[in-house]
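Residue numbers (the numbering used here): 438 to 539.
Written out as structure tokens, the structure is:
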């Protein structure tokens, strides 16, 4: 299996585990009466599953994005003060107003 695919699967699993902990925390602390709402309905298990999958998709995407961005090489140039090349100095430009004030 290619390294990128195995990395993606690993990060998705971590993201869904984080989502499971998040949903468990929501239910444990009864945020907005969620535990009472879910436990009092026959479709509560489906609601919890949908909440977990939805959060899992978001957390997995964020987890994979963070991991990919951390793989980047460090900065290539000098890091101190004004010796950092490539940043241009702003030049003021005079612009005339064409509309009259009231």
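Cβ coordinates follow ideal geometry from the N, Cα and C atoms, glycine included. A quick note: this is a predicted structure, and the numbers were derived from the prediction, not measured.
Query, Result
"For residue 464, I'd like the list of residues in its chain whose CB is within less than 8 Å of its CB, leaving aside the five on either flank, ordered along the chain.", "471, 472, 475 and 485"
"Between residue 455 and residue 496, is the Cβ-Cβ spacing less than 8 Å?", "yes"
"Quick check: the Cα distance between residue 452 and residue 462, rounded to an integer number of angstroms?", "15 Å"
"May I ask which residues mark the beginning and end of the alpha helix (DSSP H) holding residue 498?", "481 to 507"
"With a CB to CB cut of under 6 Å and the five nearest residues on each side skipped, what residues in its chain are close to residue 481?", "475"
"Just to confirm, is the Cβ distance from residue 489 to residue 460 under 8 Å?", "yes"
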